[in-house]
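For reference, the structure is listed below as structure tokens.
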Amino acid sequence: MRFTVSLPPDQFDLQRCIYSGQVFRWITLAEDRWQGVDGGHWYRVTQKEPGLYEVETNGDEATFRRLFRLEWDAQAIREELLQRGPELEPYLGSLAGLRLMAPSDPVETFFSFLCTPNNHIARITTMVGALASYGSPLEGNLYRFPEAEVVAGIPEAVLREQKFGYRGATIPRAAGELARRGGRAYLESLKSASYEAAIEALISFPGIGAKLADCIALFALHHTEVIPVDTHIWQAATRLYFPEWRETSMTDLKYKAVSRHLRERFGEYAGWAQQYLFLDSVLNWRSRAKG
DNA sequence: TAGGGACCTGCC
DNA sequence: GCAGGTCCCT
């Protein structure tokens, strides 16, 4: 079906959302045209003018609006974040329209973030696309991401041939463990678990540490109060809140302290704050690397 | 506990 | 050299 979405640009900037490291299954078809997959749905989106998107999909308007959390008022959330942390102003100011997304398929998100450690976004996108092609076809060359059992059955050698490197071993191993615990139903059950319980469950997977567990809790299980502390957030957090830890390396203890501080400061909107801090850091990594 | 190094590949 | 880290080792 086809429909249009009309929102002010400061409420919704699709390009910023899909290239901010939350999802890895979108490509740019033309300057103002994108294509993406989320769960069992594909979307082709054309920006007709600022604030007006035309969407073609095998899903419907509700699935699209859920994916981008369009029912959340981004302006109100930005104001709330500024109340809780005025120091966020420079980060929020230049990234209008960026939104925290809500990917619908926890299995797809689980494996997407298993591709991210010690990696960069361009290659992550390639790898997630390669894994997705083991799933069932949706339309053209678009696939629904496969279940854990299927990923578990991919031989390490095959993934290594596909340039997965050492992740060719860790991904099927984690998949086997997920399948053993019940696959999709297991991840769904963690949605209603407490943050602490979900993290404890996720962190016991091979290849998943504190950071990936937080990413999966935020993007797959929709625990919006979570703020994964990656290298970018670590830089920002030590600059803003833990100056005594600047230039030091992260440890388990520091991770917990920073994570808890940010979670308590920004509450249920911590995930949104993370998105602004992360994208700002990625876009400015050149200048920031200098000093 | 806190450090330090290895790990695949690709792009600066 | 270093990427949205994790694991293993002193």
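In the working numbering, the protein residues as written are 1 to 291.
Cβ coordinates follow ideal geometry from the N, Cα and C atoms, glycine included.
### Message
Nearest by alpha-carbon distance to Glu247: which of Lys256, Ala257, Gln235, Leu240 is it?
### Response
Checked all of Lys256, Ala257, Gln235, Leu240; the closest Cα to Glu247 is Gln235.
### Query
From Tyr269 to Arg99, what does the alpha carbon distance come to, in whole angstroms?
About 11 Å.
### Task
Please report how far the alpha carbon of Gly97 lies from the alpha carbon of Arg66, in whole angstroms.
Rounded to the nearest whole angstrom, the C-alpha separation of Gly97 and Arg66 is 16 Å.
### Query
DSSP puts Trp292 in a beta bridge; with which residues?
A question about residue 292 goes unanswered here, because the residues of the chain that appear run from 1 up to 291.
### Gln162 in three-state terms, based on DSSP
Here Gln162 sits in coil by DSSP.
### Task
Determine the contact status of Ala152 and Ala179, defining contact as a CB-CB distance below 8 Å.
Taking 8 Å as the Cβ cut-off, Ala152 and Ala179 qualify as a contacting pair.
### Query
Which residue comes first and which comes last in the beta strand (DSSP E) that contains Val5?
For Val5, the uninterrupted beta strand (DSSP E) segment begins and ends at 2-6.
### Message
Buried or exposed for Lys191, going by 16 or more other Cβ atoms inside 10 Å?
### Response
Exposed, since its Cβ has fewer than 16 Cβ neighbours within 10 Å.
### Cα-Cα separation between Leu29 and Glu89, rounded to whole angstroms
Each residue's alpha carbon lies about 33 Å from the other.
### Task
Would you kindly work out how many angstroms separate the C-alpha atoms of Phe242 and Ile77, rounded to a whole number?
So the alpha carbons of these two residues sit roughly 24 Å apart.
### Task
Name the residue from Met101, Pro86, Pro8 whose alpha carbon lies nearest to the alpha carbon of Ile18.
Residue Met101 is the option with its Cα nearest to Ile18.
### Message
Do Leu202 and Ala217 have their beta-carbon atoms positioned less than 8 Å apart in this structure?
### Response
One thing to note: Ala217 has its Cβ within 8 Å of the Cβ of Leu202.
### Query
Which class does Val55 belong to by DSSP, given the choice of helix, strand or coil?
Looking at Val55 - three-state DSSP - the assignment turns out to be strand.
### Continuous beta strand (DSSP E) stretch holding Trp42: start and end
Counted as a single uninterrupted DSSP element, the beta strand (DSSP E) harbouring Trp42 occupies residues 41-49.
### Task
Look at the alpha carbon of Asp127 and the alpha carbon of Phe164, and state the distance between them as a whole number of angstroms.
Just to set this straight, residue 127 is Met in the shown sequence, not Asp. Each residue's alpha carbon lies about 7 Å from the other.
### Message
To the nearest angstrom, how far is the alpha carbon of Gln11 from that of Pro50?
### Response
In a straight line, the C-alpha of Gln11 is about 11 Å away from that of Pro50.
### Task
State the DSSP-derived secondary structure class of Glu247, mapped to helix, strand or coil.
Glu247 carries a coil assignment under DSSP once its states are collapsed to helix, strand and coil.
### Bridge partners - Tyr143, DSSP secondary structure assignment
DSSP output for Tyr143 lists Pro137 as bridge partner(s).
### Query
Any idea if Pro103 is buried or exposed, counting beta-carbon neighbours within 10 angstroms, 16 or more meaning buried?
Looking at its Cβ environment, which holds 16 or more other Cβ atoms inside 10 Å, Pro103 is buried.
### Task
Helix, strand or coil for Leu296, going by three-state DSSP, please let me know.
Residue 296 cannot be examined here, being either before or after the span of the chain that is shown, 1 to 291.
### Query
What residue from Leu240, Tyr91, Pro146 has the CA that sits closest to Ile279's CA?
The displayed chain sequence assigns Leu, not Ile, to residue 279. Comparing Cα-Cα distances from Leu279 to each of Leu240, Tyr91, Pro146, the minimum goes to Tyr91.
### Message
Quick check on DSSP: helix, strand or coil for Ile93?
### Response
Residue identity differs from the one stated: residue 93 is Gly in this sequence, not Ile. Helix, per DSSP.
### Query
Going by other Cβ atoms of all chains shown within 10 Å of its Cβ, with 16 needed for buried, is Val158 buried or exposed?
It counts as exposed.
#### Entry: Stretch-stretch touch, CB-based, cutoff 8 Å, three pairs: the segment 225-240 with the segment 254-271
With a cut-off of 8 Å on Cβ pairs, the segment 225-240 is in contact with the segment 254-271, counting three or more such pairs.
### Query
For Ala270, does the three-state DSSP call read helix, strand or coil?
Here Ala270 sits in helix by DSSP.
#### Entry: Secondary structure of Ala130, DSSP reduced to three states
Reduced to three states, the DSSP call for Ala130 is helix.
### Cβ shell of Trp245 (< 7 Å), same chain only, five flanking positions each side left out
Residues Thr238, Lys254 of the same chain have their beta carbon placed closer than 7 Å to that of Trp245, with the five preceding and five following residues left out of the count.
### Task
Look at Gly168 and Glu177 and say whether their C-beta atoms are less than 8 Å apart.
Their beta carbons are not under 8 Å apart, which means Gly168 does not touch Glu177 by this criterion.
### Task
Measuring alpha carbon to alpha carbon, tell me which of Pro9, Gly85, Trp26 ends up nearest Phe266.
Among Pro9, Gly85, Trp26, the Cα nearest to that of Phe266 belongs to Gly85.
### Among Arg160, Leu187, Val107, Ile171, nearest to Phe145 - alpha-carbon criterion
The shortest Cα separation from Phe145 among Arg160, Leu187, Val107, Ile171 belongs to Val107.
### Query
Given Glu71, which residues of its chain have a CB within under 8 Å of its CB, disregarding the five upstream and five downstream residues?
Arg65.
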